[in-house]
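Numbering-wise (my numbering), the sequence shown opens with residue 4 and increments by one. Have a look at the structure below, then the notes.
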Amino acid sequence: VRHDLNLFSVSAFQPEIPQLVLAQCLFIVYVVICAMIWLYLTRRQGIAVACRSTISIWCFSIVGKYIPGKALLYGIRWYLYRKVDHGIKTVDIVKAFVLEYLSGLATGLILILTILIPMNLSFIPWFGSMAGILTLAVILGSMHPGVLGFLAQLATTRFGFKSSSLDIQYTDLLRMLLLSLLNWLLLGLSIFFIAKAIDPSVTWSLYLYIAASYTLAGMAGFLVAIAPAGLGVREAVLILALDQVMPVQTA
Numbered sequence: 004v005r006h007d008l009n010l011f012s013v014s015a016f017q018p019e020i021p022q023l024v025l026a027q028c029l030f031i032v033y034v035v036i037c038a039m040i041w042l043y044l045t046r047r048q049g050i051a052v053a054c055r056s057t058i059s060i061w062c063f064s065i066v067g068k069y070i071p072g073k074a075l076l077y078g079i080r081w082y083l084y085r086k087v088d089h090g091i092k093t094v095d096i097v098k099a100f101v102l103e104y105l106s107g108l109a110t111g112l113i114l115i116l117t118i119l120i121p122m123n124l125s126f127i128p129w130f131g132s133m134a135g136i137l138t139l140a141v142i143l144g145s146m147h148p149g150v151l152g153f154l155a156q157l158a159t160t161r162f163g164f165k166s167s168s169l170d171i172q173y174t175d176l177l178r179m180l181l182l183s184l185l186n187w188l189l190l191g192l193s194i195f196f197i198a199k200a201i202d203p204s205v206t207w208s209l210y211l212y213i214a215a216s217y218t219l220a221g222m223a224g225f226l227v228a229i230a231p232a233g234l235g236v237r238e239a240v241l242i243l244a245l246d247q248v249m250p251v252q253t254a
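Structure below.
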């Protein structure tokens, strides 16, 4: 980008407004589905909080992601749940946290491994595919109901939480993974329409690539704990990925 600043011009930047509006609408749907996935997870753990309150708690806690790491995000969510109902067990909230986090990581890696890795892109190191496969295997293994149940029991005894069983089945995990994967694709569709609004020559053949690239960028941003919500890191990785298939000014 630094070497191509002459390509950038405010006068040349004339995005198509309808495409941007559509992108924003898709993003709102993505956020709502994220909140509904969280509602499903909490209901499966026996947390009987009203749908409207659950969605409000989830949306309000998102402001915590702008503090490095996710500690504040989950802390806000835990505090609000305890404020609504003191009888809610901390371990049940933690289990929903873990399931939400692992399903997002697993489906993000699936998208990256199936779309980006086979393309042998120059910015992905040679060991990227092996590291991704091993990480995905560990995540999926840790999501096994037996493993999660053991970890929940360990937490209740080691940290003094009230005893609580893990109410999750294989069908629940598959449903959750499918919803999470579809949501990554929906978020990618929103980014695709933003790119198309900026450059109408962007074709549908790039949709999956853009979706996987944004997923990679988001996950990279989270790994850098000192960056609030991955700001800067996420954009840098996304530009690096999109620069492979479109002009750098569009990226």
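Backbone N, C-alpha and C define an ideal beta-carbon position, used for all residues, glycine too.
According to the neighbour-count rule (16 or more other Cβ atoms, all chains shown, within 10 Å of its Cβ), is residue i buried or exposed?
i           : result
residue 80  : buried
residue 237 : buried
residue 195 : buried
residue 86  : exposed
residue 33  : buried
residue 176 : buried
residue 107 : buried
residue 48  : buried
residue 44  : buried
residue 134 : exposed
residue 57  : buried
residue 14  : Unreliable positioning characterises residue 14 in this predicted model, as indicated by a pLDDT of 47, which lies under 50. A coordinate reading is not provided.
residue 24  : exposed
residue 54  : exposed
residue 305 : One cannot answer for residue 305 here, as it falls past the ends of the chain, which runs 4 to 254.
residue 144 : exposed
List the endpoints of the continuous alpha helix (DSSP H) containing residue i.
i           : result
residue 196 : 173–201
residue 95  : 93–118
residue 238 : 236–245
residue 39  : 20–47
residue 87  : 74–87
residue 144 : 131–145
residue 61  : 54–64
Determine, using beta carbons only, whether residue i and residue j come nearer to each other than 8 Å.
i           : j           : result
residue 114 : residue 41  : no
residue 215 : residue 205 : no
residue 60  : residue 83  : yes
residue 149 : residue 222 : no
residue 219 : residue 29  : no
residue 181 : residue 217 : no
residue 213 : residue 245 : yes
residue 185 : residue 142 : no
residue 102 : residue 179 : yes
residue 127 : residue 120 : yes
residue 248 : residue 209 : yes
residue 99  : residue 146 : no
residue 118 : residue 211 : yes
residue 95  : residue 52  : no
residue 171 : residue 151 : yes
residue 67  : residue 78  : yes
residue 38  : residue 62  : yes
residue 250 : residue 19  : no
In this structure, does DSSP put residue i in helix, strand or coil?
i           : result
residue 249 : coil
residue 205 : coil
residue 213 : helix
residue 223 : helix
residue 153 : helix
residue 90  : coil
residue 128 : coil
residue 14  : In this prediction, residue 14 scores a pLDDT of 47, lower than 50, which makes its location untrustworthy; no coordinate-derived value is stated.
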